[in-house]
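Encoded as structure tokens, the structure appears first; notes follow it.
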Amino acid sequence: MQWKNSATTYGTITKTFHWLVFLIFANQYIVAFNMLRIASNETALGGFSQGTLYNWHKSIGLIALLVILLRYTWRKTTRLPNWADTLSDREKTLIHWYERLLYLAMFIMPISGYLYVMSGGYGVHFFSTVHLPNPIP
1 MQWKNSATTY GTITKTFHWL VFLIFANQYI VAFNMLRIAS NETALGGFSQ GTLYNWHKSI
61 GLIALLVILL RYTWRKTTRL PNWADTLSDR EKTLIHWYER LLYLAMFIMP ISGYLYVMSG
121 GYGVHFFSTV HLPNPIP
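So for the sequence shown, this note's numbering puts the first residue at 1; every next one is plus one.
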């Protein structure tokens, strides 16, 4: 098992970050899809109330931000495998821009969600254990 990237392949850490971010965002979509479609007195996803789903969504969103920060730091401090010989310069440029847009979206989603929740006065009860203070008056 190769932990770091090499000239020919991605390492285990990079692959783990990739799939972890995918699973987090897939989870967020599924939870959001369900929490917006049930009434406050109903349950979904095995008996979770709407409030529980909202709390779960906000808590996982904060974890997502941390994981994305770690992934981005890893990306910027670790070499990447060499480009495929078949890629043109134009394709490489497009890939760079697409990657930038993906990272921007990955940062914007949890940050905007946090700001929306805090500015609305809803607050975040991190997995129903820790109440995070509201920095927005």
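Built from N, CA and C at the ideal position, the CB exists for glycine as well. Computed from a predicted structure; not experimentally measured.
Rounded to a whole number of angstroms, what is the C-alpha to C-alpha distance between residue i and residue j?
| i | j | result |
| --- | --- | --- |
| Thr14 | Arg75 | 8 Å |
| Leu69 | Phe17 | 11 Å |
| Trp19 | Tyr103 | 15 Å |
| Ser119 | Leu132 | 13 Å |
| Ile158 | Leu53 | An answer regarding residue 158 cannot be provided, because it is not within the stretch 1 to 137 covered by the chain. |
| Asn41 | Phe48 | 10 Å |
| Asp85 | Ala44 | 49 Å |
| Ala7 | Tyr114 | 38 Å |
Select from the options the residue whose C-alpha is nearest the C-alpha of residue i.
| i | options | result |
| --- | --- | --- |
| Tyr72 | Ala105, Phe127, Ala7, Gly113 | Ala105 |
| Asn27 | Leu94, Ala64, Glu91 | Ala64 |
| Thr129 | Ile136, Asn55, Trp97, Ile111 | Asn55 |
| His96 | Trp83, Ile108, Pro137 | Trp83 |
| Phe127 | Gly51, Ile136, Phe107, Arg100 | Gly51 |
| Met109 | Gln2, Val21, Asn5, Gly11 | Val21 |
Per the DSSP calculation, residue i is bridged to which residue(s)?
| i | result |
| --- | --- |
| Ser6 | According to DSSP, which records beta bridges pairwise, Ser6 is partnered with nothing at all. |
| His131 | His125 |
Is the number of C-beta pairs between the stretch 27-36 and the stretch 87-99 that are closer than 8 Å three or more?
no
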